[in-house]
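Engineer: Provided herewith is a single structure, encoded as structure tokens, for subsequent inquiry.
Structure representation (structure tokens):
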């Protein structure tokens with residue numbers, strides 16, 4: 001039971017937490033220029049500033065004209081980028097209403113983009129907080145882990161597995177005692193709507209061994225493994241399965257995951273309860289792993305947030321998504337200019353890109 005776990009902080013020494021930064025391709029630069037010049041005005045919201053970018057496009061901070069609430073708006077270019085994964089992300093995210101999950105608000109169609117409006121978390125990523133602090137005391141580590149497990153357990157109770165839980169996908173609000181918010185449901189799957197997951201997606205440092213086997217697996221158990229990685233990082237200041245001498249050798253990381261090869265540094269003291277919890281999460285046989293709802297029932301809050309306004313209907317969302325699959329008139333297909341930048345020496349079916357994401361083709 002986690003209720004009695006005491007989690008000590010870490011001494012980073014020469015180790016540095018790192019968030020892999022993808023190499024920018026010219027096509028991505030052109031995409032960013034395009035979105036700045038395109039008609040991306042979202043009715044009912046005022047632009048504040050750009051807050052991020054990625055393979056999906058860009059994210060902007062906006063103000064709701066009516067409520068004056070700050071929101072985050074994620075823009076995805078209309079056309080081929082609006083695929084089944086985008087539909088799955090939106091529908092799954094819409095179904096989740098919990099204080100430890102970023103609130104989905106609505107989708108809006110602009111002349112050039114599909115805009116996804118979400119709750120804004122002003123405290124940034126949990127990754128940034130860990131990196132800046134250098135170490136967490138035991139109460140702070142447990143405080144965030146409790147919230148993470150609460151949100152994940154709720155997702156699982158709604159039959160949704162996230163499949164890409166990591167420090168970069170856990171945000172914080174701006175309160176003095178920050179509330180953790182799980183975000184980015186781009187790889188998520190619903191047991192009610194989708195088949196059993198078997199595709200290998202995610203980030204090597206957080207990925208569970210069964211996900212690498214290219215067979216059907218329990219996405220919920222794989223999520224718990226990723227939560228265990230987050231707990232380990234908060235305690236140790238390093239990723240459990242990375243070789244400290246070769247942290248960017250993703251294939252070595254994968255081999256260590258498959259053999260469940262990790263250790264607790266001798267200079268880091270953690271309680272036996274916490275050590276036991278980690279050992280129960282990092283298990284090679286997923287059938288022996290702990291589901292989120294059994295880690296500690298006392299961690300799970302039943303005070304879920306209720307929608308404070310009518311939710312956008314699924315029919316409306318599906319209609320908008322359908323319209324967004326049609327490219328805007330006159331849009332030049334920039335993707336034709338994109339060169340293949342994959343590593344030619346990589347294994348035939350395995351692609352690990354420069355951002356650290358992994359997927360079997």
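Residue numbers (the UniProt record's numbering): 1 to 361. The beta-carbon is built from N, C-alpha and C at its ideal position, and this holds for glycine as well.
For residue 165, name the three-state secondary structure that DSSP assigns.
Structural biologist: coil
Engineer: Evaluate residue 111 with the Cβ neighbour count: other Cβ atoms within 10 Å of its Cβ, from every protein chain shown; 16 or more gives buried, anything less gives exposed.
Structural biologist: exposed
Engineer: Opposite residue 62 in the DSSP bridges: which residues?
Structural biologist: Note: residue 62 sits in a beta bridge opposite 47, 71.
Engineer: Going by DSSP, what residue range makes up the alpha helix (DSSP H) through residue 84?
Structural biologist: Note, residue 84: alpha helix (DSSP H), 84-94.
Engineer: Please classify residue 263: does DSSP put it in a helix, a strand, or coil?
Structural biologist: coil
Engineer: Along the chain, where does the beta strand (DSSP E) that runs through residue 115 open and close?
Structural biologist: 113-119
Engineer: Is the beta carbon of residue 107 sitting closer than 8 Å to the one on residue 73?
Structural biologist: Their beta carbons are not under 8 Å apart, which means residue 107 does not touch residue 73 by this criterion.
Engineer: Between the stretch 231-241 and the stretch 258-275, do three or more beta carbon pairs fall short of 8 Å?
Structural biologist: yes
Engineer: Might you give, ordered along the chain, the residues of its own chain that have their beta carbon closer than 6 Å to the beta carbon of residue 26, omitting 5 neighbours on each side?
Structural biologist: Because residue 26 sits at a pLDDT of 44, beneath the cut-off of 50, its placement in the model cannot be relied upon, and the point is left open.
Engineer: DSSP three-state label for residue 170, please.
Structural biologist: strand
Engineer: If you draw a straight line from the alpha carbon of residue 62 to that of residue 68, how long is it in whole angstroms?
Structural biologist: 9 Å
Engineer: Can at least three beta-carbon pairs, one atom from the stretch 208-228 and one from the stretch 253-262, be found at a separation below 8 Å?
Structural biologist: yes
Engineer: In this structure, does DSSP put residue 52 in helix, strand or coil?
Structural biologist: strand
Engineer: Where does residue 151 sit, in a helix, a strand or coil, going by DSSP?
Structural biologist: helix
Engineer: Between 290, 311, 232, which has its C-alpha nearest residue 136's C-alpha?
Structural biologist: 232
Engineer: Let me know the secondary structure DSSP gives residue 36 once reduced to three states.
Structural biologist: Because residue 36 sits at a pLDDT of 48, beneath the cut-off of 50, its placement in the model cannot be relied upon, and the following sentence gives the value as read from the coordinates. Reduced to three states, the DSSP call for residue 36 is helix.
Engineer: Determine the closest residue to residue 202 out of 163, 182, 180, with distance taken between C-alpha atoms.
Structural biologist: Nearest option by C-alpha distance: 163.
Engineer: On the CB-based measure, 16 or more other CB atoms within 10 Å of its CB, does residue 240 come out buried or exposed?
Structural biologist: buried
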